[in-house]
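Residue numbers (the numbering used here), protein chains in the order written: chain A, 92 to 527; chain B, 1380 to 1703.
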């Protein structure tokens, strides 16, 4: 009995002491300091954008906590955080790929200062059903065709797929490169081979082609465009590129953007297509053997293409709805400051190659930067005819099903391509309806 | 102590028997009936028990509950749908004819090759030779490498442009092989990575087993002038069967849920050709964001491996009984 009472007393004293200590240690600091937590994918452009936020935070007595995460787990982790309603992050990296997935969990951003000075079309993915915006742009991500200036003169840059094959083969024969073209093709790198040629051949994933209105797509029954001649043409182009003309490695079906970039930066390929944000890496002598010899050009067209295709999307920042009102207000102030920090955005472009979010920064860069003018010509002045994704919840499932169908078709015999595409119709249709 | 409790429970103001207070009083009574040593042991076990309940049992129960509901990660409705997700999985041709065969094949290849190599290495390390400690350390190194890192290493080793293997093949005049873009070569790399990672585990356990074997049967075999191979097949192997059985069962269950190696090396590709059970469950839950279907897949997998583990254990146990 005595032992029990002693034990109880000891435990009570211990609990009370711990509680007192915790309150006395934590409370004063928390009361004085305002903290904003930013969750994002670890990437130089996003770091540069957070740097701008940090400049504002330091001036305004706010402590900015950076929470970088790997791309491979970012969407899953943040989705789980948002749906659980907790306020683990005050600001999160937002991407058009999951713009609609998260729309209902995000606070509106129409009232952020400077939001009227950004390009409008890349925002399409981020509107809620009530027409309110849920993003603040951080940088533009645009698929950009890169070529080697030490191998190809500007006037020789290919404007069609056939020219790309011819020049690639010539350079291979001359022993100047191992490969004509290299780009990611495995899941989540689909844009850098299959999809740019798909859109460049006036083709698309669903019918009607280049439509992004979900109501119209639903009315059409989410019908995949796999059996359209334009699809067969571009799949056959890649089959030939890897197996017949051999301008691309056979293993490219398994390459992610990392492997493709490594080959290009090692000087083993003449052309690639990747987000413009890699321009900085390509020209970094510490990372790349081709530094100083890389330029951008419009994408080569397919047989059906009339004008070079380009896509123009954004990376952005969002504020979870679960964040308390006072911190939401503070986060909006911070994002507004970032959006109006033109010097910071110019610095971001110069240091990382990330196209800035504000049109005011664009106007300045057009005059000051030769590289930005080159990017503008290669991408923004071309046919930005549609978005590089579909904006509905089943998009990840559609992307996976499409990727599996295409890789399956490319690993088979050339004459079996139509059969493989036909087989993929049901798979992609089902994937599209999985989230409806 | 017990008397003390009874007197407290019987005092006015305490709840009637059968009420919550009476139950907790009963528990407390049971607790103080235990001897001091048992109470102390239970207290020591309590932290790990609580952790187990919080981080294993509760999530499994939540997952099991989710698998019967409409529960997507981006819009969790949580409406009851019964066995809908289980029916989807059990009728999905990809799960039945691709994922399950791949998983079982990986399990069979990895466990059998790992066991054979582990046994060979354990024999090697059971002898004394110069540099024994160094060899032992080198052999055990893979155990210290995280599977994700080892898998990334394998992906680059077998890269057709920069990989060591490609360079050797090129030097030998075979040209580069598109290892990762074809089904069986990429599956072989997954098996290779898994074997490389887990052979040291087999080695350690089997070496411990070898060192604990009695000397008498070996002395008897030596008197009979038995060859080394006959000693191995007729003396060592029969005596090692119990430990080998344990190794096979534990490793098979573990191999069934292999994720890291497959995800990093092939991501289940090309075109799902190397997809295994854990990738299937992960893809459903975190790529398609269908948490319910993902957990249903995980539970189906747990039932399969539970049944398989039990059958394996029974078979090996019977085999051991017969061999005795």
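Built from N, CA and C at the ideal position, the CB exists for glycine as well.
Say whether chain A places a C-beta atom closer than 8 Å to the C-beta of residue i.
i: residue 1688 of chain B; result: no
i: residue 1381 of chain B; result: Summary for residue 1381 of chain B: the model assigns pLDDT 37, below 50, so the residue's position carries little reliability, and this model does not support an answer.
i: residue 1453 of chain B; result: yes
i: residue 1554 of chain B; result: no
i: residue 1540 of chain B; result: yes
i: residue 1650 of chain B; result: yes
i: residue 1691 of chain B; result: no
i: residue 1666 of chain B; result: yes
i: residue 1685 of chain B; result: no
i: residue 1646 of chain B; result: yes
With a threshold of 7 Å on Cβ separation, who are the neighbours of residue i within its own chain once the five nearest residues in sequence on each side are excluded?
i: residue 1651 of chain B; result: 1473 and 1477
i: residue 152 of chain A; result: 125
i: residue 1538 of chain B; result: 1545
i: residue 379 of chain A; result: 356, 372 and 373
i: residue 176 of chain A; result: 413
i: residue 1558 of chain B; result: 1537, 1539, 1564, 1565 and 1568
With 8 Å set as the bound, which would you pick, yes or no: does the beta-carbon of residue i sit closer than that to a beta-carbon of chain B?
i: residue 491 of chain A; result: yes
i: residue 315 of chain A; result: no
i: residue 205 of chain A; result: no
i: residue 525 of chain A; result: yes
i: residue 278 of chain A; result: yes
i: residue 192 of chain A; result: yes
For the alpha helix (DSSP H) holding residue i, just list the boundary residues, first then last.
i: residue 1424 of chain B; result: 1415-1431
i: residue 364 of chain A; result: Segment 360-366 is the beta strand (DSSP E) holding residue 364 of chain A; no alpha helix (DSSP H) there.
i: residue 520 of chain A; result: 508-524
i: residue 137 of chain A; result: 135-150
i: residue 1512 of chain B; result: 1511-1519
i: residue 433 of chain A; result: 433-443
i: residue 262 of chain A; result: 252-264
i: residue 1469 of chain B; result: 1463-1469
i: residue 388 of chain A; result: No alpha helix (DSSP H) contains residue 388 of chain A, which is instead part of the beta strand (DSSP E) from 385-388.
At what residues does the beta strand (DSSP E) containing residue i begin and finish?
i: residue 1448 of chain B; result: 1448-1450
i: residue 1457 of chain B; result: 1455-1459
i: residue 228 of chain A; result: 227-232
i: residue 276 of chain A; result: Per DSSP, residue 276 of chain A belongs to no beta strand (DSSP E) and is neither H nor E.
i: residue 1562 of chain B; result: Unbroken run through residue 1562 of chain B is the alpha helix (DSSP H), 1562-1590; no beta strand (DSSP E).
i: residue 157 of chain A; result: 153-160
i: residue 468 of chain A; result: Looking at the DSSP string, residue 468 of chain A is not in any beta strand (DSSP E), and its letter there is neither H nor E.
What's the call for residue i, buried or exposed, on a 16-neighbour Cβ count within 10 Å?
i: residue 301 of chain A; result: exposed
i: residue 1594 of chain B; result: exposed
i: residue 400 of chain A; result: buried
i: residue 1566 of chain B; result: buried
i: residue 1435 of chain B; result: exposed
i: residue 282 of chain A; result: buried
i: residue 507 of chain A; result: exposed
i: residue 404 of chain A; result: buried
i: residue 1563 of chain B; result: exposed
i: residue 1697 of chain B; result: exposed
i: residue 1663 of chain B; result: buried
i: residue 1686 of chain B; result: exposed
i: residue 1507 of chain B; result: exposed
Apart from the five residues just before and just after residue i, which ones in its own chain have a Cβ nearer than 6 Å to its Cβ?
i: residue 178 of chain A; result: 413 and 414
i: residue 1466 of chain B; result: none
i: residue 1666 of chain B; result: none
Looking only at its own chain, which residues have a Cβ that is under 8 Å from the Cβ of residue i, when we skip the five neighbours before and after it?
i: residue 482 of chain A; result: 187, 190, 191, 215, 216, 303 and 305
i: residue 1549 of chain B; result: 1555
i: residue 457 of chain A; result: 463, 464 and 467
i: residue 1627 of chain B; result: 1490, 1494, 1691 and 1695
Does the beta carbon of residue i sit closer than 8 Å to a beta carbon anywhere in chain D?
i: residue 1553 of chain B; result: The structure shown contains no chain D; its protein chains are A and B.
With respect to 7 Å, is the separation between the Cβ of residue i and the closest non-hydrogen atom of the ligand FAD below this value?
i: residue 1572 of chain B; result: As presented, the structure is devoid of all ligands, the ligand FAD included, so that no description of it is given.
Quiz prompt | Near-chain B residues of the stretch 490-523 of chain A - C-beta to any C-beta below 7 Å | solution = Taking 7 Å as the cut-off between beta carbons, the residues of the stretch 490-523 of chain A near chain B are 491, 495, 498, 499 and 502, in sequence order.
Exercise. Closer than 8 Å, Cβ to Cβ, to anything on chain B: give me those residues from the stretch 338-365 of chain A, in chain order.
Key: Of all residues in the stretch 338-365 of chain A, 340, 341, 342, 343, 344, 345, 350, 353, 354, 357 and 359 have a Cβ within less than 8 Å of some Cβ in chain B.
Exercise. Output, in sequence order along the chain, the residues in the stretch 151-185 of chain A whose CB is closer than 7 Å to any CB in chain B.
Key: Within the stretch 151-185 of chain A, the residues whose Cβ lies closer than 7 Å to some Cβ of chain B are 167, 170, 171 and 174, listed in chain order.
Quiz item: Can you list, in chain order, the residues of the stretch 454-488 of chain A whose Cβ is nearer than 9 Å to any Cβ on chain B?
Solution: Only 484, 485, 487 and 488 from the stretch 454-488 of chain A bring a Cβ to less than 9 Å from some Cβ of chain B.
Quiz item: Listed in chain order, which residues of the stretch 415-429 of chain A have Cβ atoms closer than 8 Å to some Cβ of chain B?
Solution: Taking 8 Å as the cut-off between beta carbons, none of the residues of the stretch 415-429 of chain A comes near chain B.
Quiz item: Taking Cβ-Cβ distances below 9 Å as the criterion, which residues of the stretch 1474-1508 of chain B are in contact with chain A?
Solution: Flagged: no residues at all.
Quiz item: When you check each C-beta in the stretch 1544-1576 of chain B against every C-beta of chain A, which residues fall closer than 9 Å?
Solution: Residues 1555, 1556, 1557, 1558, 1559, 1560, 1561, 1562 and 1565.
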